[in-house]
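Chemist: For the sequence shown, the working numbering gives the first residue as 295, with consecutive numbering after it.
Glycine is no exception: its CB is placed at the ideal position from the N, C-alpha and C atoms.
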Amino acid sequence: MWEESKPEEHGLNGAALDLLWQSLHARQTRTFLVVRHGQIIFERYTDGWFAERRHYTASLAKALVGGLSLLLAIDGGYIHPNEPACKYIPQWQNDAVKSRITLRHLATHTSGIADAELTAAERAQALAAGQSSTEQHMTLPGWKGQFWRREPDPFTVSRDYAPLLFEPGSEYAYSNPGMAMLAYAVTASLVNSPWPDLRTLLTEKIIEPLGIEDEEWSIGYGETHTLDGLPLVANWGGGNFTPRAVAHIAQLLMQDGIWQGRQLLHPARVREVLVFAEMPRPDRSENMNAPGSGLGWYVNDDSVWPTVPRDAFAGAGAGHQLLLAVPSLDLVIVRNGEMLDDDLPFWTGVERHLFRPVMETFLAQSPSPSSPVFSGIEWGPASSIVRLAGGGKTRDGSDNWPMTWAGDDYLYTAYGDGYGFDPPLQEKLGLGFGVVMGHPQTGLTCLNIRSDGENRQHGRRGKKASSLLMLNGLLYLWVRNADGDGRSSQLAWSLDSGRSWTWADWYFPDFGYLAAIQFGPDYAEARDGYVYLVTPDTASAYEAADHFVLLRVPRTQLEMRDAYEFLVSIDDANTPVWSTDIGERGSLFTHPGKCGRSSISYHTPSGRYLWWQQLPSADPTSGDRADTRYAGGFAVYDAPEPWGPWTTVFFTEQWDVGPGESGCFPVKWMAADGRTLFLVFSGNDNFSVREGVLTYHPNFVQNWRGVKHFFQESYGIA
């Protein structure tokens, strides 16, 4: 059923994957499967193992059986995760504490039900005696041993004998008995359905439609326990799957429940189980890479796996039985074997020896196809770069430098954490303002503007400008770090070119770096009656997102929060769909882990929008992955409309100089011939200016206003 192709055809380095396999093989790995875009691009097995042989999955079953069966019950309308579990477990109805356990608690290990595992001391003693995991479980005393020996059955033990350790929903504590009670509740919800048990439910709703053969999977230790008239199947372990069967399930979920044109699951229900469930996270003091929970799945919503995109979800079991799925990369990884590293905490070993190395096999490339108009940008020599605002006595320069073109023909700007233009101020400002006159080719005059909008809080503690916009003589300012800790955005406006400001009494807490699209002087030549803005889909200005979001607001209503709309989708005719509901926002542009600070300017000669995007560092050990002041890269994309389609003009992960944390193309400095422009960037914490020359595809026929003569002369195009 699977098509196969080479890694390089899907943007991964085959030689690097071979080296990774050698490392994994040395670390007791038996199976390793990589699927991208629905095709197998890398598959390896040790002696005695092959694609058709099932491998035990241990607690990976909590996702493949527990999470998937819960999803099916939710999708069928039989159950809701916020319902009390006692609705389906009547023995808990009169228990003062257990009656407060919800299905969400059970699915996220926050129910408070104790686990049936050994204590740390007991485990150390068992390992010293050379006992296997199964032997350890079977010899446990009391109710814990009964759970694993299934005496009389694990569901009775979990329901009646496993103690509660804390108030439901107040903490995270991994619990096999908690998952057992989730299986009990889901089965009870199916009493009036066509599916009597979890095995039948999964078979008919998922396994058979995916074309997985009977020989490729088994669950529940091959048993069914009857209790209270319910046929109960284990969902916490006891599963055996081929790697390809596991990958089929992950691919279905990444495709929002669609398989070969059939909608097997409702997309909203799929997303509901694969996002952070808003419950307590595990203690990370000893296991720093331990993830938070979706409903039966692990999720990377807070980048606890720093090299992996945040939309990733996973399942995992003892011995590092692992499934990782990354929707934004259309990537699935399955690994089976024994522990990758006995000397590291569970998730730290996974991140270090599997997740990070796989991400490092991706070849550096743009996520978008090449521009149909531009073939690239030729940059002036590094020696020609103009650097201003070098700093005060400490030579501590200033950064940021968003710019907007005003009706008085000046460019207004703002800076952060510095002393401004020469002559520098006597005090370092967290936010300051300036004005730029002239042209880089004939000379610049740059002045500081003293303002009541200045602040003296530095770094993420102080408000910093992410964008300026001059509109009808009114100067608008978008600031980041509005919460005083690197998150949230706020709007302000000035009637006197930045000397005094009025602040909006509302915020965008979900967005950390809003940037308004720039047009001509005083917003002249704008495409319509709206102001358009882009932002990474994250609340932080210091964390890269997987996606960008597009907003628009009528140009007469910038100061009204309720007037803002969010791009939801784009139809086949490239027509945008908008919504005032921020929760319905879609993705404008996807580049997993690389969507950071940016700016968009309209290039009038070509009729294209040019989007400068910082490429945050890929180094997970960096204290600030957004820091590219002294080294790093950026990309420039173009599009005919603010909503795209966006294509690649220029892309580099390492420019010849540090590109800084922000950059923009001032519209004022774009030559009428459609070629020369200038990049203002914050490299070296300076106001840095570098000339660029756009190069065009020779076969591009341009009929837009303003450049026909240029093309006739340059390329002989009639």
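DSSP state of Gln322, grouped into three classes?
Modeler: Of the three classes helix, strand and coil, the one that applies to Gln322 here is coil, per DSSP.
Chemist: State the DSSP-derived secondary structure class of Lys499, mapped to helix, strand or coil.
Modeler: Lys499 falls in the helix class under three-state DSSP.
Chemist: Could you check the C-alpha separation between Tyr836 and Lys438 for me, to the nearest Å?
Modeler: Cα-Cα distance, rounded: 45 Å.
Chemist: Between Leu618, Leu768 and Ser692, which lies nearest to Gln851 when the distance is taken from Cα to Cα?
Modeler: Looking at the Cα atoms, Leu768 is the closest of the given residues.
Chemist: Note down, in chain order, each residue of its chain lying with its Cβ closer than 6 Å to the Cβ of Ala355, except the 5 sequence neighbours on either side.
Modeler: So the list reads Gly531 and Gly533, once near-sequence residues are dropped.
Chemist: Taking the continuous alpha helix (DSSP H) assigned at His542, which residues delimit it?
Modeler: Run containing His542: Pro537 to Met548, per the alpha helix (DSSP H) assignment.
Chemist: In the DSSP output, what is Ala933 paired with across the bridge?
Modeler: Answer by DSSP bridge pairing, in chain order: Tyr903.
Chemist: Whole angstroms is fine: what's the gap from Met548's alpha carbon to Arg750's?
Modeler: Rounded to whole angstroms, Met548 to Arg750 spans 46 Å at the Cα level.
Chemist: Leaving out five residues before and five after Leu558 in sequence, what residues of the same chain have Cβ atoms less than 6 Å from its Cβ?
Modeler: The answer, listed in chain order, is Pro503 and Gly551.
Chemist: Please name the residue in Ala619, Gly691, Ala379 and Thr325 whose C-alpha comes closest to that of His542.
Modeler: The candidate whose alpha carbon is nearest that of His542 is Ala619.
Chemist: Indicate the three-state DSSP secondary structure (helix, strand or coil) for Glu281 in the structure shown.
Modeler: A question about residue 281 goes unanswered here, because the residues of the chain that appear run from 295 up to 1012.
Chemist: Is the beta carbon of Ile334 closer than 8 Å to that of Glu303?
Modeler: No.
Chemist: Are the stretch 377 to 389 and the stretch 571 to 580 touching, with three or more C-beta to C-beta distances below 8 Å?
Modeler: Contact between the stretch 377 to 389 and the stretch 571 to 580 is absent, because fewer than three Cβ pairs lie under 8 Å.
Chemist: Across the stretch 364 to 383 and the stretch 643 to 653, are there enough close Cβ pairs to call them in contact, namely three or more that are closer than 8 Å?
Modeler: The stretch 364 to 383, when compared against the stretch 643 to 653, does not touch it at the 8 Å Cβ threshold.
Chemist: Give me the Cβ distance between Leu723 and Glu748, rounded to the nearest whole Å; I'm assuming they're in contact under 8 Å.
Modeler: The Cβ separation is near 5 Å, so the contact holds.
Chemist: Considering Cα atoms alone, identify which of Leu589, Arg846, Ser900 and Gly890 is closest to Asp875.
Modeler: Answer by Cα proximity: Arg846.
Chemist: May I ask you to list the residues that DSSP assigns as paired with Glu298?
Modeler: Answer is Ile334, bridged to Glu298.
Chemist: Let me know if Ser464 comes out buried or exposed under the rule of 16 or more other beta-carbons within 10 Å of its beta-carbon.
Modeler: With fewer than 16 Cβ atoms within 10 Å of its Cβ, Ser464 is classed as exposed.
Chemist: For Val564, which option in Leu362, Arg348 and Thr946 has the closest C-alpha, if you only look at C-alpha atoms?
Modeler: Comparing Cα positions, the closest option is Leu362.
Chemist: From Leu495, Met475 and Ala474, pick the residue whose C-alpha is nearest to that of Leu484; which is it?
Modeler: Of the listed residues, the one whose Cα sits closest to Leu484 is Leu495.
Chemist: Between the Cα of Thr884 and the Cα atoms of Glu853, Pro830 and Leu365, which residue gives the shortest distance?
Modeler: When only C-alpha atoms are compared, the closest one is Pro830.
Chemist: Which residue's Cα is closest to the Cα of Gly588: Trp599, Gly609 and Thr601?
Modeler: Comparing Cα positions, the closest option is Gly609.
Chemist: How is Asn978 classed by DSSP in three states: helix, strand or coil?
Modeler: Here Asn978 sits in helix by DSSP.
Chemist: Please name the residue in Asp804, Ser794 and Tyr770 whose C-alpha comes closest to that of Asp777.
Modeler: Taking only the C-alpha atoms, the option nearest Asp777 is Asp804.
Chemist: Ends of the beta strand (DSSP E) at Arg629?
Modeler: Leu625 to Gly631 is the span of the beta strand (DSSP E), which, as asked, contains Arg629.
Chemist: If we count the other Cβ atoms within 10 Å of its Cβ and call it buried at 16 or more, is His399 buried or exposed?
Modeler: Buried, because 16 or more other Cβ atoms sit within 10 Å of the Cβ of His399.
Chemist: His897 by DSSP, collapsed to three states: which one?
Modeler: His897 falls in the strand class under three-state DSSP.
Chemist: Can you grab the Cα-Cα spacing for the pair Glu878 / Phe860, in whole Å?
Modeler: Glu878 and Phe860: Cα-Cα distance of roughly 8 Å.
Chemist: Measuring alpha carbon to alpha carbon, tell me which residue in Ala345, Leu458 and Trp800 is nearest Arg629.
Modeler: It is Ala345.
Chemist: Smallest Cα separation from Tyr990: which of Ile500, Gln440 and Phe944?
Modeler: Nearest C-alpha to Tyr990: Phe944.
Chemist: Please indicate yes or no: does the CB of Leu719 lie closer than 7 Å to some heavy atom of the ligand SAH?
Modeler: The ligand SAH is not part of this structure, which contains no ligands at all.
Chemist: Can you have a look at Gln316 and say buried or exposed, based on whether 16 or more other CB atoms are within 10 angstroms of its CB?
Modeler: It is exposed - the Cβ of Gln316 has fewer than 16 other Cβ atoms within 10 Å.
Chemist: Are there 16 or more other CB atoms within 10 angstroms of the CB of Val987, so buried, or fewer, so exposed?
Modeler: Under this definition Val987 is an exposed residue.
Chemist: Is the CB of Ile679 under 8 Å away from at least one CB in chain C?
Modeler: The chain inventory of the structure shown lacks chain C, comprising one protein chain alone.
Chemist: Applying the criterion that 16 or more other CB atoms from any shown protein chain within 10 Å of the CB defines a buried residue, is Ser834 buried or exposed?
Modeler: It counts as buried.
Chemist: What residue range is occupied by the uninterrupted beta strand (DSSP E) comprising Phe944?
Modeler: It spans Thr941 to Thr946 - the beta strand (DSSP E) in which Phe944 sits, taken as one unbroken run.
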